[in-house]
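Visitor: Chains as they are written, first to last, in my numbering: chain S, 3 to 318; chain E, 32 to 226. Virtual Cβ for every residue (Gly too), placed ideally from N, Cα, C. Please read these numbers as outputs of a predicted model, since none were measured by experiment.
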Amino acid sequence: MKHLLGTEGLDRDTALAVLDTSDGLKRTLLGREVRKLPTLRGRTVITMFYENSTRTRVSFEIAGKWMSADVVNVSAGGSSVSKGESLRDTALTLAAAGADCVIVRHPASGAAHRLAGWLAEAGTSVVNAGDGTHEHPTQALLDAATLRDRLGDLAGKRIGVVGDVLHSRVARSNVHLLTTLGAEVVLIAPPTLLPTGVAGWPVGAGGSLVVTHELDAELPGLDAVMMLRVQAERMHGGFFPSAREYAIAYGLNANRLSLLPAHAPVLHPGPMLRGMEISAAVADSPRAAITQQVTNGVHVRMAVLYHLLAGEEDQS
Amino acid sequence: MPPRDRGAPEPAGQRELLSAGDVARTIARMAHQVIEKTSLGASGAAPVVLLGIPTRGAPLATRLAERIAEFSGVSVPTGALDITLYRDDLRRRPTRPIGETALPPGGVDDALVVLVDDVLFSGRTIRAALDALRDAGRPRAVQLAVLVDRGHRELPIRADYVGKNVPTARSEEVRVLLAETDGRDGVVLFREGDG
């Protein structure tokens, strides 16, 4: 693996290899006093965030440091980006400064792909940490890791993804990855928050995709439910009448939780809007796997860095 | 050792160094040596922990512990110590899958840890294992048990318990087969180009 730009096109064997490495790393570090491995000693990883982030950025930084890579953080605000430098020039500068891997978050869909093209000559690996409304592959991988922890093999499992699918790169990456792993993904959202042509999204062989507007009818048949954040910052217009009405129709509260089978966990990629897509009672219940997702996020990102940087040079 | 069963002719380019029976006898002998050298069960002796290095060191450690329990009545905790993340040659090969690390519940602090591996060759695996062990705890002492020592050390490392010393050429390959991982027991030497 040279880059991780998305889960679309990520084959099943590679996805499983990353998830297995993540599980192995988690078991290796479990209960250890020294949570540091020498594996990526001497490799330099630069995070480049053009959008705000808490967990993704921290998680990548911890992942890199636990693997002994040198991690440098660049944010748009405190860098030459604020002087008008283009993404391409910034990236070439970071590569010239010695980055083995650039982790990028950018508001424009496709930014990571462009970056990978520009950095091909330098041989720098690129990880997409979220590009616009396109993809967020490490989030999908950590969701899959958490679902595997709770449900075992995902083949044949029915996973509901609820809410603002239109603006969600998490939903898109999860559809590709979970179907590749053999799951059936059910996208549940009001018509205004579904992208056009969503029913035709490519899905992995062995999996399938269902699109519906009815949450209550779907809940009893799900093996897990993933609540999406309503992304007000990407909304320029009225997508639903009011927050209260959204919460009534699509928010996960204690009553709805009781419709969900007892084995089914509740996931949320964070940050949560309590009272909007998820009630505080559900977010804090033992059914919620939200902190487990964050913990898995570190191990999954360690695994991604391992697969990108530890082996011999891979040009594919 | 009793004569080996020569019933089946061996394929060209490979030679059986130990038969299944030889492997069992060798492990039994190593168990006796471990019991003696570690003063197992004596008062004041450090508790012994066997840590196998995956892939084949792990089942070897389990078998060694079974023989030790049989001969001495002392049950020795065993575990597995994967060294993939500590290798010094990761960048020379395609990405390797990582193996299983499972330390015994009591950990390794203040124990006499016996590392168990199938073949001792360059010594680099053992160097990596010593690094991995340092992150797992602080044993009182560390010893090394290998089923086969084939020479060609590249580091100042030696084994405390050796099942069989085999002089080899660098180009040859020594492969330990175990029922748990390979379907049968044995040690086979492959000549150049046949491995």
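Got a sec: which bits of the stretch 21-33 of chain S sit with their beta carbon under 8 Å from any beta carbon on chain E, in order along the chain?
Guide: Those residues of the stretch 21-33 of chain S that come within reach of chain E (Cβ to Cβ, closer than 8 Å) are 22, 23, 26, 27, 29, 30.
Visitor: For the stretch 126-136 of chain E and the stretch 103-113 of chain E, state whether three or more C-beta atom pairs, one from each stretch, are separated by less than 8 Å.
Guide: Flag = yes, the stretch 126-136 of chain E and the stretch 103-113 of chain E touch.
Visitor: According to the Cβ coordinates, are residue 114/S and residue 104/S closer than 7 Å?
Guide: No; because the gap between Cβ atoms is not below 7 Å, this pair is not in contact.
Visitor: Tell me, please, whether the CB atom of residue 119/E is closer than 7 Å to any CB atom in chain S?
Guide: With 7 Å as the cut-off, residue 119/E does not count as an interface residue toward chain S.
Visitor: Unbroken alpha helix (DSSP H) runs of length 4 or more, entirely within the stretch 234-275 of chain S: which are they?
Guide: Fully enclosed alpha helix (DSSP H) runs of 4 or longer: 245-252, 256-259.
Visitor: Can you tell me which of 160/S, 183/S, 246/S, 202/S puts its alpha carbon nearest to the alpha carbon of residue 220/S?
Guide: When only C-alpha atoms are compared, the closest one is 160/S.
Visitor: Taking one C-beta from the stretch 238-251 of chain S and one from the stretch 271-282 of chain S each time, how about it: are there three or more such pairs within less than 8 Å?
Guide: Touching, yes, given that three or more Cβ pairs across the two stretches are closer than 8 Å.
Visitor: Looking only at its own chain, which residues have a Cβ that is under 6 Å from the Cβ of residue 10/S, when we skip the five neighbours before and after it?
Guide: For residue 10/S, where only same-chain residues beyond five positions count, the Cβ hits under 6 Å are 178.
Visitor: Quick one: any contact between the stretch 294-304 of chain S and the stretch 53-64 of chain S, if contact means 3 or more CB pairs under 8 Å?
Guide: Contact between the stretch 294-304 of chain S and the stretch 53-64 of chain S is present, because at least three Cβ pairs lie under 8 Å.
Visitor: Counting only Cβ pairs nearer than 8 Å, list the residues of chain E close to residue 309/S.
Guide: Near residue 309/S (Cβ distances below 8 Å), the residues of chain E are 126.
Visitor: Would you give the residue range spanned by the beta strand (DSSP E) that residue 188/E belongs to?
Guide: That residue, residue 188/E, is in no beta strand (DSSP E); it is neither H nor E in DSSP.
Visitor: Got a sec: is the Cβ-Cβ distance from residue 84/E to anything in chain S below 7 Å?
Guide: So, not an interface residue.
Visitor: Return the CA-CA distance between residue 225/E and residue 43/E, expressed in angstroms with no decimal places.
Guide: Caution applies to residue 225/E, whose pLDDT of 46 falls short of 50 and renders its modelled position unreliable; the value that the coordinates give is listed next. Each residue's Cα considered, the two are about 9 Å apart.
Visitor: Considering only the beta carbon of each residue, do residue 156/S and residue 184/S sit closer than 7 Å?
Guide: Yes, they are a contact pair.
Visitor: Between residue 122/E and chain S, is the shortest Cβ-Cβ distance under 7 Å, so that the two count as touching?
Guide: Yes, its Cβ sits closer than 7 Å to a Cβ of chain S.
Visitor: Are the C-beta of residue 318/S and some C-beta of chain E separated by less than 7 Å?
Guide: Only weak support is given to the placement of residue 318/S: the predicted model assigns it a pLDDT of 47, under 50, and the question is left unresolved by the model.
Visitor: Could you name the residues of the stretch 124-150 of chain E whose beta carbon sits closer than 9 Å to any beta carbon of chain S, in the order they occur along the chain?
Guide: Listed in sequence order: 124, 125, 126, 127, 128, 129, 130, 131, 132, 133, 134, 138.
Visitor: Just verifying my parser: in three-state terms, what is the DSSP assignment at residue 50/S?
Guide: It is a strand residue.
Visitor: DSSP three-state call for residue 172/E: helix, strand or coil?
Guide: Looking at residue 172/E - three-state DSSP - the assignment turns out to be strand.
Visitor: Would you mind telling me which residues of chain C sit closer than 7 Å to residue 19/S, beta carbon to beta carbon, in chain order?
Guide: Looking at the structure shown, chain C is missing, and the protein chains on hand are S and E.
Visitor: Name the DSSP bridge partner or partners of residue 74/S?
Guide: Paired residue(s): 48/S.
Visitor: Identify each residue in the stretch 183-195 of chain S for which the Cβ-Cβ distance to at least one residue of chain E is less than 9 Å, and report them in chain order.
Guide: For the stretch 183-195 of chain S, which is checked against every Cβ of chain E, not one residue is closer than 9 Å.
Visitor: Let me know if residue 169/E comes out buried or exposed under the rule of 16 or more other beta-carbons within 10 Å of its beta-carbon.
Guide: Classification for residue 169/E: exposed.
Visitor: Hey, residue 143/E and residue 77/E: beta-carbon distance below 7 Å or not?
Guide: Against a cut-off of 7 Å, the Cβ pair of residue 77/E and residue 143/E comes out as a contact.
Visitor: Which partner residues of residue 46/E appear in the DSSP bridge assignment?
Guide: According to DSSP, which records beta bridges pairwise, residue 46/E is partnered with 220/E.
Visitor: Counting contacts by CB-CB distance shorter than 7 Å, is residue 164/E in contact with chain S?
Guide: Chain S contact via Cβ: absent.
Visitor: Are the stretch 286-294 of chain S and the stretch 253-268 of chain S touching by the rule of at least three beta carbon pairs closer than 8 Å?
Guide: In short, these stretches touch, since the Cβ pair count reaches three.
Visitor: Do you know offhand how far residue 237/S's Cα is from residue 162/E's?
Guide: Each residue's alpha carbon lies about 52 Å from the other.
Visitor: From residue 22/S to residue 108/S, what does the alpha carbon distance come to, in whole angstroms?
Guide: So the two alpha carbons sit approximately 28 Å from each other.
Visitor: Residue 212/E to residue 164/E, Cα distance in whole Å?
Guide: Roughly 24 Å separates the two Cα atoms.
Visitor: Excluding the five sequence neighbours on either side, which residues of its own chain have a C-beta within less than 8 Å of the C-beta of residue 310/S, listed in chain order?
Guide: Here the set comprises 3, 4, 5, 6, 103, 127, 129.
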